Each structure stands twice: as structure tokens, then as C-alpha cells.
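Have a look at the structure below before the remarks.
In my numbering, the protein residues as written are 34 to 334.
Written out as C-alpha cells, the structure reads:
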């Protein structure tokens, strides 16, 4: 569905029904990407999950299925790791092996998730809880291969900095007393960040830490618009706009320049890298055939 076309509602009551909310959790994290310790996990989800599991006295292995926020493809994999379903770095392989499919041991987004069912922003979080309730009651438009008694819904807010976890259970589920918490976090584990005044120009070269391409751009920018976090030779991390959207890849070396206070980057080509290596080795750059021809024409009488 479009982001403006959709609605969801849930009724909460003090009366005993077939379902109950056994755990809820909310967590926050840095809004600035520069302040994050990782680009492949959301600390806010880990905190929210730990609080929800603690309230419910459950661990990840006791969840039968989950609805997670997958507005972007990697988010599903990241969320399954942050929620404790799989160890860090193993979520992608688990999905490839079918462990998260609707007939797998831990179905993730049996509803289709935000990318398939739809993402009408303001309604998405409640819609995930509704899908979880339907799944536990067996009244959803999809059917699990085995009976489910516990479900989890995870919602991401903003840039992954304000996240929520809700655990639903059937009233006939057995009592459990398990506890789970994410890996301990300390300032020493944080990614080192070199701070400098915003007016300072970055070094002339750097490396892509992560990037995205916008096809729906803000006013004043033509699509497609490449944006990347660049770490320069001095170790400083900054945002820059790509002058081209081709050859983008994490780890690629780039040239950086500043025009009108805006940081621009260009990905180094393989030819450029070869010429730089030859220059270091030989002390000069061998001329290309086309360059030799141009020079010959200039020198000709």
C-alpha cells in the first residue's frame, strides 16, 4: 500500500480473552550515524527486546513467529539478530536456509511484512500487532505449518533510533521463566569518531563506510541521488554526495572535494588505482596511448 493508504486498530481490555500482552519494551539509540557503534545493528531494538523478554519472562527461543519492521530489505536480517533469534552475522544465512520462511522453524513476517503487505507509516506498528494476534488465533490470511502460542512484533521509528517490541501470548500457553539480554555495551566498544568543525574540509581521499541512493529526492536535488558516509585518510567520518551513482560499494576508495560547503565524492576507477600504484613504484605515471597521440599532435610542426 502507499504510505498514506492504510489503517490498523487494536482493542485493549481488562477482561480476560484468548490473548494477552505479556511483554512490551521500548529502546532508543543515537540519531546521528556518526555516533553509532555499528551500521549492521540497532541498539534501540536490542534494548527494547531485552525489556520485553524480561517482562514476559521469555527468551527468543520461545517465540513461535515474529512480525519485524522490514521497510528496507536488510532490516529483516538485522532485526532477527537484534531480537536474539540468530547470532550476529548469521541472520542472512538463516534466511537463505529457509529457517525464517512460513514453513520454517521460526517464521518471520508470515504476513508478507512491510514490503509486501504494505507500509502506511503511522499504521504499520499496530498492523504488526494485529497480524500477530490473527496468527495466534488462526484467523490470518496466511497459515503457519504448526500451532503458535507466542508471537513478537518489532517496530522501528525514524532512523532506527526509537524502536518497540511487543510480545503476545495465548492464555493457554504454558508458563515460562526464561531471561535474555543483548551483549553488554560499553563506551569502549563504540566506533571511534574524529570530530572537527563543520566548516573544515575533509581530506582529499577516503573510503565508503556505507551508502544509499535516493530516487525520491528533496527539493533542489535531481534523482538518483547518492549519499554516503565517508571516512577520510585522517579518520574523520562525514556525509557526502556522490557525483555519480555507478560503482558504489562499501569499502570503495573515493576522491573527495568540497564545493560551496557541500562534500562531493567520486569513486576511484580501477584505472586510476593502477596509475597511482605505478606512480608510487616508478615515480611517474606512464602515458596512455590516447595521451601520447595528443602530445605528438601538439609537438608536430
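C-beta: ideal position from N, C-alpha, C; glycine also. Quick caveat: nothing in here was measured; it's all calculated off a predicted structure.
Item, Value
"9 Å Cβ cutoff met for residue 76 and residue 93", "no"
"Inter-residue spacing [alpha-carbon to alpha-carbon] between residue 91 and residue 295", "49 Å"
"Boundaries of the alpha helix (DSSP H) in which residue 253 is found, first to last residue", "Premise fails: residue 253 is in no alpha helix (DSSP H) and is neither H nor E."
"Residues that residue 57 bridges to, as DSSP identifies them", "199"
"Anticipated Cβ contact below 8 Å, residue 124 with residue 111, distance rounded", "7 Å"
"DSSP three-state assignment for residue 47, whether helix, strand or coil", "coil"
"Enclosing beta strand (DSSP E) for residue 130 [first to last residue]", "Note, residue 130: premise wrong, no beta strand (DSSP E); not H, not E."
"Bounding residues of the beta strand (DSSP E) (the contiguous stretch that carries residue 185)", "183–188"
"Endpoints, the alpha helix (DSSP H) within which residue 106 is located", "106–115"
"Contact the region 40–58 vs the region 146–159: 3+ CB pairs below 8 Å", "yes"
"Residues near residue 128 by beta carbon distance below 7 Å, same chain, minus five either side", "110"
"Own chain partners of residue 273 with C-beta closer than 7 Å, once the 5 adjacent residues on each side are dropped", "261, 263, 289, 296, 297 and 298"
"Candidates 154, 201 and 193, of which the one nearest residue 169 by Cα", "201"
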